[in-house]
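As they're listed, the protein sequences go chains A and B.
Following our numbering, the numbering of the first sequence begins with 69 at its first residue and continues without gaps.
Following our numbering, the numbering of the second sequence begins with 69 at its first residue and continues without gaps.
Protein chains: 2
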Amino acid sequence: MEHTQEHEACLEQTQKYCVERPIYNQEILQGQLRMKYIFFDLLMPNFFFLLCLFSCSSKKAKSHLYSFLPILKWLPRYPVKEYLLGDIISGISTGVMQLPQGLAYALLAAVPPVFGLYSSFYPVFLYTFFGTSKHISIGTFAVISMMVGGVAVRQVPDEVISVGYNSTNTTYASEYYSDRDFKRVQVAVTLALLSGIIQLCLGLLRFGFVAIYLTEPLVRGFTTAAAVHVFTSQLKYLLGVKTSRYSGPLSVVYSLVAVFSKITTTNVAALIVGLTCIVLLLIGKEINLRYKKKLPVPIPMEIIVVIIGTGVSAGMNLTESYGVDVVGNIPQGLRAPAVPEIQLIPAIFVDAIAIAIVGFSMAVSMAKIFALKHGYTIDGNQELIALGICNSVGSFFQSFSVTCSMSRSLVQESTGGKTQIAGALSSIMVLLVIVAIGYLFEPLPQTVLAAIVMVNLKGMFKQFGDIAHFWKTSKIELAIWVVAFVASLFLGLDYGLLTAVTFAMITVIYRTQSPQYRILGQIPDTDIYCDVEEYEEVKECPGIKIFQANASLYFANSESYTSALKKKVSENSCVWGGRGPTLQKYWLSFSFICLLSQSNDVEGSVKHEIANDELPVNGKSLDELEHFVEPKTNIHSLILDFTPVNFVDSVGAKTLKSIIKEYKEVSVHVCIASCSGPVMNELTRLNFFDNTVTRELLFHSIHDAVLACQVKDRSASQTASDL
Amino acid sequence: MEHTQEHEACLEQTQKYCVERPIYNQEILQGQLRMKYIFFDLLMPNFFFLLCLFSCSSKKAKSHLYSFLPILKWLPRYPVKEYLLGDIISGISTGVMQLPQGLAYALLAAVPPVFGLYSSFYPVFLYTFFGTSKHISIGTFAVISMMVGGVAVRQVPDEVISVGYNSTNTTYASEYYSDRDFKRVQVAVTLALLSGIIQLCLGLLRFGFVAIYLTEPLVRGFTTAAAVHVFTSQLKYLLGVKTSRYSGPLSVVYSLVAVFSKITTTNVAALIVGLTCIVLLLIGKEINLRYKKKLPVPIPMEIIVVIIGTGVSAGMNLTESYGVDVVGNIPQGLRAPAVPEIQLIPAIFVDAIAIAIVGFSMAVSMAKIFALKHGYTIDGNQELIALGICNSVGSFFQSFSVTCSMSRSLVQESTGGKTQIAGALSSIMVLLVIVAIGYLFEPLPQTVLAAIVMVNLKGMFKQFGDIAHFWKTSKIELAIWVVAFVASLFLGLDYGLLTAVTFAMITVIYRTQSPQYRILGQIPDTDIYCDVEEYEEVKECPGIKIFQANASLYFANSESYTSALKKKVSENSCVWGGRGPTLQKYWLSFSFICLLSQSNDVEGSVKHEIANDELPVNGKSLDELEHFVEPKTNIHSLILDFTPVNFVDSVGAKTLKSIIKEYKEVSVHVCIASCSGPVMNELTRLNFFDNTVTRELLFHSIHDAVLACQVKDRSASQTASDL
């Protein structure tokens, strides 16, 4: 072969694509190119890496410290005049939300309300020092609280200590809470420690990427299910009925059944107070939304409702007159730090992982949205470290797991919060309440808290609209959403999340495993090849079949690749798929008939004639042979388009090799087009190339392969006519 | 734009690639092509399908019957003269192997030896009618027997009934076996029923594809671990020590510890007999291998060893003189069919699934090898149905789970077996032994059976060589092998298999999730684009960056795609990655500096100068801004090569859109090249295209995109100079 180097690529004003070059197979192409001397590339980075490793300059130490404690970087440069007012307003607005939400979500976490306040102080304050996001509001969050509550109830079920959750029974003694509540607090606190340590480890190991497995449809399906869980768990507080709390699979169903079986014992006073609060809160939300631009600060409806509720309850003595359950004993001041109960760890390890990952992914997704909006970057791994410190250190002060709350973060950002100062101020507000006026909230009815929780679920329930959205855009993502929702609803949030993540991974396998198989044809007079079934102009090249599967070739799809290839190639054409040498003889006579008769119909009838004769070949009748025989026009070449192949494994390489050999037996030349560099290297490592299968079968593009096949066929037919 | 249709593709004798056509983006390309009217394609097949569904002709019924009972097809055409002799010789050879293996593998399955004989008869006979493979030998198999034994021991542990496995203690009463053995038989039989039903269901549902998840390295690692399990479990029989049998995680370790702690109680007579047998069997194997062509039939060493062993044992009265454990009570004749214990099913369901899948994949992989060698096809689903019938029907006659045995199949094929007749004959030989001379084997020492089992493991132990092989070819496949081996070894075969399958799937995710990111450059004067770091000739097009990731774009890798893109593009170039409008102003001045200074060095120093001034921009110092700033040469276009992208999900589409928008803000034009049809359809469904992101960004090939970008840049600079 001659390869005169007369390339020419011309670009003219008429916007023409115009290329003239030799036909390249990989053998020729690589022969013309010089490999880069990559010895240097391999060694030098290592060398520099070592250099860097041993040179721990003060500058580097400083940069490490800065990245670990971002406050050192931003606080000294804090523009007081410009930012402080916004941060103060935002801090107060967020603080007045932290308060009722802390109390309310403590109910969800199955611990006495004051622990919700602790959780709204310590971790929030700590985040100021370690966090990189300027706008998210760390603190109690419905989904996480629900997960914590699930574990607490599982570990310390209602049945063990049959005292109902009625704090008026207990005395204001040094031990404020019932034994059951105390144990649940221990579980919640240990869970916070463990999830914090997990987050910290993941962050230090730079494993922030684990959150990527929580794809959007998964998170939305999961949080929608969580909203249903939360709603169900709050129903009993809203109605004022006394039921046990359930956890584990089907807990939603059990809870609903329990509540509805006791619906006759509904406390009408509690229900009226609760519904009034819900209406007030919904109106408040609506006003805040509608007059967003006119209002300087959103109306803090939650705290208003709490204050009114407390006032009404205290004034009318709802507890004693109507038997409405109230928050009860909020001890003043903070509690001394204590070590969580380490022996609980084995029982709650899996839950801690789930809480750690869900908490992190909530925080980081919110943080990313704000970072994008305000033009700064957040560091995912530092966020993990920050959350880990918040949770683990907080746990020593009796706070349970926290993360970023969507509703509070939106308020913090929209009221003009500029830095982490706003979050710190909100936590200090909570602290003031704890140490000074916490006891004032003791007469607050639980139904008011339930109303606050339920109204905050509004946004999550709106996610049911996703079903219609995903139905239109992607069925696979719809499936992920539905699986995440159904599994989380019925199996519980922990197993639900696990199931959903597994399912999401299986969808990826599914996509690579069941590709679309297509026969390509040429758009006449171009080098463009498309699906023959898509456009009318596209024509198959005579004698050449171009086969494409839009996936990599590996163990899970190599079998279907082979069968699809055989099926597609045999459609309207005749290639002998005979496998054994015993059939070879028979095939020769048959293909001779094929060659003689060029039209399909004639072949069919010829084949039929033979078939009717049922002449046995080596003891096998033609009828039996039928499934190895595939009708033929006159294909001399088969091109496998490897454009979409990103990796090959040993099974794939073996499949490919057997395809090439099988078709070679029936004189069909198999080429591989557009095989990428990495795949070629993999094939080499897998010993794919030998004396029969060489790099000359690899072509740079489909068009190269087609041209080469045409040249080959022409010279072959010339030789035949010469003889 | 003008698109004169002056295409020309010339193919000359000099083997040139030569194309001249307009530059195509998808908008133009689709404008020139007519979509095929696919209404017909969609409806017609359904119509025909319905037609077919309602027309159940006698011919179709016959074909269904033939596919369900393949014997109806091949038996009437059986060429007696040519095939019968081979089948008889092969049947006898296989039969004499079935016998000792049946006895030996029954030990593995933790049931009395005679049940191994039952398992070597009923299922083997049934397979003749339903199987499509002509050469595999169905029957007892070490790995499956081991799995059955594991479940039997777990369900009926040694501790419950503390009588050792010493059959001489029991009387030859109507109930031949100890209570424990009887219960274990019940477990094994129920397991066979359940795994058979599972296989049958999978076959009827055409779910034969599940076996594809058992990729080759996985199966080899798994069977190697199984070989270690089997070897460990046989040690005590070889040494003649009495220990309990363990199951579940770490059972290998427990078994070894138990055996070695009792090593002082070794029965020397048993050990000598066992070692002698091993040596004899190894010599036999060697002779058979070396004189393969000269020997008409391989030496049936196993049966010879059994006969000698039985003779020696009976003659020297090994049982009573030396305390050697023997097979004991082999009841004559068959047992009446009985329904397995259905109430066991919930406890063994997961194990049954594992056994069903492993059994099927062993059989089908062996069957495929022979089918390929002898040029016929097997039907995977029919194989599942056949195995399912063998196991489930067999279970009513007290046989445990079976599949194809590698060693026997090789003998059956090499001794001239041509059809399923050989298998039938081998089963009839076993039947004769059961009804006539079974009791003769009662004095056979168990150590002889242990020797047979151990020697048969030779091939599987050779698979340790895989480690070196996979180390060279593929690290990922090595990882699959090692994980399958280690997990199966320590977690037990059931959980090990589950772990290995999960791991194999994760490797696929891993491959798509951490792709190689590359910047492409042009081979001068061609339309070929390669990795710039690979070849010296490859040059980047000035002002244009071509970025490629060899994976699809979806939730698990879209984040790393973005960061890799930014990193790769910023290397030796300067593109502003600013995200917020607040930064826009600052960027403009900065990019102005960049534009003025063309060389990299100058830019660097300018940037450095500014940085040293630390002038605050909107309260942020430049130092803080640094991570949004990326140094720039003068890139006007960014081309994302979508050749390797096979699917996109909503996260991927959003990522892509944000990339396009971000770069647009800094006046970098982003194009997408070689986006395949299915991906384009997905993007459309995901609402990717709007007024800013149009189909004009999609180009047919990288070269099209490059040419278009060059044209665009030239006209832009012309406009600039005109002003």
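Glycine residues also receive a C-beta, built at the ideal position from the N, C-alpha and C atoms.
Treat the numbers as computed from the prediction; the structure is a model and nothing was measured.
Beta-carbon neighbours of residue i, restricted to chain A and to distances below 7 Å
i             : result
residue 618/B : 714, 744 and 746
Beta carbon proximity, residue i to chain A, threshold 8 Å
i             : result
residue 598/B : yes
residue 93/B  : no
residue 627/B : yes
residue 573/B : yes
residue 623/B : yes
residue 113/B : With a pLDDT of 48 at residue 113/B, under the threshold of 50, the modelled position of that residue is not reliable, and the figure given next carries that caveat. Chain A, which has no Cβ nearer than 8 Å to the Cβ of residue 113/B, makes this no.
residue 772/B : yes
residue 487/B : no
Range covered by the beta strand (DSSP E) that runs through residue i
i             : result
residue 738/A : 737 to 741
residue 709/A : 705 to 709
residue 585/B : 585 to 590
Check: residue i C-beta below 7 Å from any heavy atom of the ligand NAP
i             : result
residue 444/B : In the structure shown, the ligand NAP is absent, as is every other ligand, since no ligand is present at all.
Terminal residues of the alpha helix (DSSP H) in which residue i lies
i             : result
residue 793/A : Only positions 69 to 791 of chain A appear in this structure, which leaves residue 793/A out of reach.
residue 725/A : 718 to 733
residue 202/A : Neither: residue 202/A is in no alpha helix (DSSP H) and is coded neither H nor E.
residue 476/B : 474 to 482
residue 538/B : 534 to 541
residue 749/B : 745 to 753
residue 489/A : 488 to 500
residue 423/B : 413 to 442
residue 571/A : 561 to 581
Identified DSSP bridge partners for residue i
i             : result
residue 93/B  : 767/B
residue 86/B  : 88/A
residue 513/B : 394/B
residue 621/A : 716/A
residue 613/B : 706/B
residue 471/A : 207/A
residue 607/B : 590/B
is_contact[residue i, chain B] using C-beta, thresh 8 Å
i             : result
residue 749/A : no
residue 585/A : no
residue 646/A : With a pLDDT of 37 at residue 646/A, under the threshold of 50, the modelled position of that residue is not reliable, and the figure given next carries that caveat. Yes - at least one Cβ of chain B is within 8 Å of the one on residue 646/A.
residue 90/A  : yes
residue 542/A : yes
residue 313/A : no
residue 515/A : no
Chain B residues whose Cβ lies nearer than 7 Å to that of residue i
i             : result
residue 397/A : Here the premise fails: no neighbours, minimum Cβ distance about 46 Å.
residue 545/A : 717 and 718
Residue i: contacting residues in chain A (beta-carbon distance under 9 Å)
i             : result
residue 451/B : Within 9 Å Cβ-Cβ: nothing; residue 451/B doesn't reach chain A, min ~14 Å.
residue 595/B : 77, 85, 87, 89, 595 and 769
Closer than 9 Å at the beta carbon, the chain B residues around residue i
i             : result
residue 457/A : Under the 9 Å cutoff, chain B gives no residues; its nearest Cβ is about 23 Å from residue 457/A.
residue 755/A : 540 and 541
Check each residue of the stretch 777 to 789 of chain B: if its Cβ is closer than 9 Å to any Cβ of chain A, include it; give the result in chain order.
778 and 779
According to a CB-to-CB cut-off of less than 8 Å, which residues of the stretch 489 to 506 of chain B neighbour chain A?
Listed in sequence order: no entries.
Residues of the stretch 263 to 295 of chain A in Cβ contact with chain B at a cutoff of 8 Å, in chain order, please.
Listed in sequence order: 277, 280, 281, 283, 284 and 285.
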